[in-house]
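First comes the structure, then the notes that go with it.
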Amino acid sequence: MPQVTLTVNGKTHTVEVEARTLLVELLREKLRLTGTHVGCDTSQCGACVVQMNGDSVKSCTTLALQAEGASVTTIEGLAKPDGTLHPMQEAFREYHALQCGFCTPGMVMSAIDLVEKHPQGLSEHEIREGLEGNLCRCTGYHNIVKAIGAAQEVMHGRSATLAPAHAAE
Amino acid sequence: MNAPVVFEGIGASPKRKEDLRFLSGRGNYTDDINRPNQTYAVMLRSPHAHATIRGIDTAAAAAMPGVVAIFTGADMVVGSLPCGWLIHNKDGSPMNEPGHPPLAQGKVRHVGDIVAVVIAETRPQARDAAEAIAVDYDVLPAATSMAAALAPGAPLLHEGAPGNVCYDWHIGDLAVNQAAFAQAKHVVEFELVNNRLIPNAMEPRAAIGDYDRTTDQHTLYTTSQNPHVIRLLMGAFVLQIPEHKLRVVAPDVGGGFGSKIFHYAEEAVVTWAAARVNRPIKWTADRTESFMSDAHGRDHVTKAKLALAEDGKFLGLHVSTTANMGAYLSTFATSVPTYLHATLLAGVYTTPTVYAEVKAVFTNTVPVDAYRGAGRPEATFLLERLVDVAARQTGIDKLELRRRNFIPADAFPYQTPVALQYDSGDYQSTLAQALKTADWDGFEARRAEAAKRGKLRGIGISTYIEACGIAPSAVAGALGARAGLYEVGAIRVHPTGSVSVLTGTHSHGQGHETTLAQLVTDRFGIPLSQVDIVHGDTDKVPFGMGTYGSRSLAVGGSAMVKAMDKIVAKARRIAAHLMEASVDDVEFDRGTFRVAGTDKTKSWGEICLTAYVPHNYPIEEIEPGLDETAFYDPKNFTYPGGCHICEVEIDPDTGICSVINFTAVDDVGRVINPMIVEGQVQGGVAQGIGQALLEACAYDASGQLLSGSFMDYCMPRAGDVGTLSVATHETLCTHNPLGVKGCGEVGAIGSPPAVINAVVDALRDYGVTHVEMPATPAKLWHIINSGRRAAAE
């Protein structure tokens, strides 16, 4: 069986996989990183989004072998070792931007990439368009959009702390 | 305890206790669980909508690498998946109730019906082997639509259901109803479809069967909204496993919206097969399987007529509905078009007579059952569209027509002509608040401004009611329910004063770990961090009926209140003993026991410790410990209601309809956590907008599911749902101890007619009285362009 060597959340792994094994299967079943979810089989829902070499990718549509030599960050790798949340995670909590939590890891990973790629800042409309590849059935997106809007201010250093949700209403 | 205490009780919006694990990838969903020595199951599903099975050849598949076992219907002869509600026909006879075997017994009746299960060491091995099974089908003609199933000579799905009819039921006094129509000045007649939907919770269903031969203990991990009900249905009816030998665990569940209430074949298959192969078996649906095996929702075709007096007062309503059951009866299916639909047809209006008849039909499609709102969205869509059509036909303003017919705020309790007694509501106030928030009066200026930009702007309203907090057991039983619908709460106070709550409800996004804990914080005066909610495990929680019908707080929360009452009563006796006072003189208020009128007090912590270290204790009178359980059976349904207003803009060149503003003012009774209530309503409204503008389940005439993936079934995305303005207006429920009504379904119930009323309003110059859901760009473009052509001619 072929082998793949990749770094996940800062730790290097060498894993035997079938040629057809998907990156998400490697993460969930071989490395037991079950925070990355599978919500569909047509690359539509985005529950499986992780960062690979600084870009967000859908790990359900990436072969494990394509990750050879790659550096992958999953939802488990976002918080600091002391447990301090990434500003995007904190914003989702503050703004009640998650309900069942299933789409959340992919949504957070997509949102971080979206914000990082737009240092000039995103309008509400741009955030909504930028979430095209992520489905949420619970929230109606209203609070997700607000959370991302608040998180980008912290991520780009325009604000030291997250604007409280009730003040933003 | 001198630090300033942030109030976390009833009415506060603390951040959710469950969020940290979900945001850190530490959720524990069914597919995240792995049992030692686990195998994987793949279901082989029928590619045909209707066929007899002449033979199944599994020999080649069984010889493939990693295959542990293959079972077909010939191997798994067990009980039928049961239906929970018995409905009677107009003549009093019981409905036709054909069986639903977990694995097909010689015949398949919808695309996705399970023919065999392959169990292998890995999922890919199981999938490969499933493809190697040869099934010899004799394909039969299919009846996919209700019209096709009811046509003379239609293919027959079940021997026990002649004409493909499940039941032909009615409610109301037809003679009284006909008399009302005879007096009417106006009769408004209308036909509409409530489009079939696919729930699509983001977590696909999954199940793990586990078996311990040494103890004869079965365990099922499953994506369920109600693990105790699954234990009851699967244990008692399908597999004959007694409750004490069957544990059902529903861990974190990634959304349900009704689709995870029901007992599904795959749960029985993995539980049964795990005992045969003596190894754990995991099955996880891929999304394609979800589309063809999760119960679908809605799918009603209705003819309605409304009788009005000259002044616009509603005199009577007559409704004939056909409702699609799909190929088999799912757990709640039969109750949805009857007791969850027809009983809501009085709406918020004083209509003195309502007659409704419902014919339920079998078709070669996936079973149809409750989906967020379940029956009540269908009733609301019908009524609120009908009122708009009546307003246009009579020339009475649509707001005025509603106001004239509202049940007045001083008329409660109000007995409707269709069985329900509403306890409270104030429809004029929710309407007034919504009109103000939405700036209804400023709309014509906005329409004119949009017209200058070439856009068609419309505004629509819906004033609705629903019945939830399901359900008083005696009432439900009289209506055909085969189970009680009470709820159970156990309050386990630990020696140091922290609390575990064991609740029979189940959270799959609703935030119960926070909201239910707030009830305890509010009552006992302990911080939220000192309260944990335990749910979703039949070995931990005494009993329960689960979460659906917006019942968790109204029924489950009330059970907790009853259990807390018992805790406080016992704790006061302990406090009275310690303070050498009469029990009657001991008051308890948020953490402090006090002898009335004195400065003698004992803290919550002291009493809890004493209960478990009973050195100085009234041991002759009461037992040690502080652990109480209560069952709560509601006295009535609860009746949330409110007003939704939608404003849309249609681009005549593309047909694209954008939701510009959406305003919801809902009366959900007392609000425990405003942040969570807003989130629930926002999510429900998004699903309603999805139904109105985007989502359509489509089959072709041969029974193939055309909308079988997210590429084909249009789910609402962030760009499809605009900013949602959500507010509440409280009138308290009068019959439960919390005054709560429920908020989970209001968004999905009130919103679809508001959206379609807005679409029709936007198209008012095109001679349109109705647009069937979903109002897709193609549909709207054709309406606009045929209108343009007509105008040009």
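From first to last, the protein sequence lines are chains E and X. When we follow our numbering, the leftmost residue of the first sequence carries the number 1, and every step to the right adds one. When we follow our numbering, the leftmost residue of the second sequence carries the number 1001, and every step to the right adds one. Idealized CB from N, CA, C, for every residue including glycine.
Please report the distance separating the alpha-carbon of X:I1567 from that of X:K1540.
The alpha-carbon atoms of X:I1567 and X:K1540 are separated by roughly 19 Å.
Using a threshold of 8 Å, state whether the C-beta atoms of X:H1088 and X:P1094 are closer than that.
Cβ distance < 8 Å, so X:H1088 and X:P1094 count as in contact.
Using a C-beta to C-beta distance shorter than 8 Å, which residues of chain E count as neighbours of X:E1203?
Here the neighbours are H37, G39, C100 and F102.
What residues of chain X sit near E:A79, judged by a beta carbon separation below 8 Å?
Within chain X, the residues near E:A79 are S1024.
For E:R137, name the three-state secondary structure that DSSP assigns.
Reduced to three states, the DSSP call for E:R137 is coil.
Can you find a C-beta in chain E that's less than 8 Å from the C-beta of X:H1535?
Closer than 8 Å: no.
Taking contact to mean 3 or more Cβ pairs, one atom from each stretch, closer than 8 Å, check whether the segment 1683 to 1698 of chain X and the segment 1028 to 1044 of chain X are in contact.
Because the criterion of three Cβ pairs below 8 Å is not met, the segment 1683 to 1698 of chain X and the segment 1028 to 1044 of chain X do not touch.
Examine chain X for any beta-carbon lying closer than 8 Å to the beta-carbon of E:C138, and answer yes or no.
So yes, E:C138 belongs to the interface.
Identify whether X:F1314 lies in helix, strand or coil by the three-state DSSP scheme.
Here X:F1314 sits in strand by DSSP.
Which same chain residues end up closer than 7 Å to X:W1781 when comparing Cβ atoms and leaving out the 5 residues on each side of it in sequence?
Contacts found: T1654 and G1655.
Would you give the residue range spanned by the beta strand (DSSP E) that X:L1156 belongs to?
That residue, X:L1156, is in no beta strand (DSSP E); it is neither H nor E in DSSP.
Determine, for E:A47, whether the minimum Cβ-Cβ distance to residues of chain X falls below 8 Å.
Chain X, which has a Cβ nearer than 8 Å to the Cβ of E:A47, makes this yes.
Nearest to E:C103 by alpha carbon, out of E:M155, E:I75 and E:A150?
Measuring from the Cα of E:C103, the nearest candidate turns out to be E:I75.
Could you tell me whether any Cβ in chain E is nearer than 8 Å to the Cβ of X:Q1682?
Taking Cβ atoms only, chain E reaches closer than 8 Å to X:Q1682, which makes this a yes.
What does the alpha-carbon distance come out to for the pair X:S1552 and X:M1545?
For X:S1552 and X:M1545, the distance between alpha carbons rounds to 10 Å.
Excluding sequence positions up to five away, which residues of its chain have a Cβ less than 8 Å from the Cβ of X:D1136?
Excluding sequence neighbours, X:D1136 sits near I1053, R1054, G1055, I1056 and D1057.
Taking Cβ positions only, does E:L63 come closer than 8 Å to chain X?
So no, E:L63 is outside the interface.
Below 7 Å CB to CB, which residues in the same chain sit around X:L1386 once its five sequence neighbours on both sides are set aside?
V1188, F1190, A1304 and L1306, listed in sequence order.
Using Cβ-Cβ distances below 8 Å, what residues of the segment 1659 to 1678 of chain X are close to chain E?
Taking 8 Å as the Cβ-Cβ cut-off against chain E, the residues of the segment 1659 to 1678 of chain X that qualify are M1675, I1676 and E1678.
Can you give me the start and stop residues for the beta strand (DSSP E) that X:F1362 sits inside?
Residues V1354 to F1362.
Buried or exposed, going by whether 16 or more other CB atoms sit within 10 Å of the CB of X:I1407?
Per the 10 Å Cβ criterion, buried.
Cβ of X:M1043 within 8 Å of Cβ of X:L1705?
Not closer than 8 Å, so no.
Where E:T161 and E:V154 are concerned, what is the direct C-alpha to C-alpha distance, given to the nearest angstrom?
Rounded to whole angstroms, E:T161 to E:V154 spans 6 Å at the Cα level.
Go ahead and label X:R1590 buried or exposed: buried means 16 or more other beta carbons lie within 10 angstroms of its beta carbon, across all protein chains shown.
It is exposed - the Cβ of X:R1590 has fewer than 16 other Cβ atoms within 10 Å.
Do X:M1564 and X:I1622 have their beta-carbon atoms positioned less than 8 Å apart in this structure?
Not closer than 8 Å, so no.
Would a C-beta distance cut-off of 8 Å place X:V1361 and X:T1322 closer than the cut-off?
Yes, the pair counts as a contact, with Cβ atoms nearer than the cut-off.
For X:T1288, go through chain E and note every residue whose CB falls closer than 9 Å to its CB, in chain order.
Under the 9 Å cutoff, chain E gives C40, D41 and T42.
Which partner residues does E:L63 have in the DSSP bridge list?
Note: E:L63 sits in a beta bridge opposite E:L22.
Are the CB atoms of X:E1730 and X:R1670 within a distance shorter than 8 Å?
Closer than 8 Å, so yes.
Nearest to X:R1717 by alpha carbon, out of E:R158, E:E129, E:A150 and E:H166?
With distances taken between Cα atoms, X:R1717 lies closest to E:E129.
Using three-state DSSP, classify E:T12 as helix, strand or coil.
Strand.
Using the beta-carbon of each residue, which ones in chain E are nearer than 7 Å to X:N1200?
By Cβ distance, chain E contributes R137.
Just how far apart, CA to CA, sit X:Y1486 and X:H1512?
So the two alpha carbons sit approximately 18 Å from each other.
Using a Cβ-Cβ cutoff of less than 6 Å, which residues in the same chain neighbour X:H1577 once the five nearest sequence positions on both sides are dropped?
Closer than 6 Å at Cβ, skipping near neighbours: P1618.
Compile a chain-ordered list of the residues in the segment 1238 to 1253 of chain X whose CB is closer than 8 Å to at least one CB of chain E.
Against chain E - using a Cβ distance shorter than 8 Å - the residues of the segment 1238 to 1253 of chain X are D1252 and V1253.
Quick test of your reading: X:L1308 and X:H1186, contact by CB under 8 Å. State the CB separation rounded to the nearest angstrom.
X:L1308 to X:H1186, Cβ: 4 Å. Contact.
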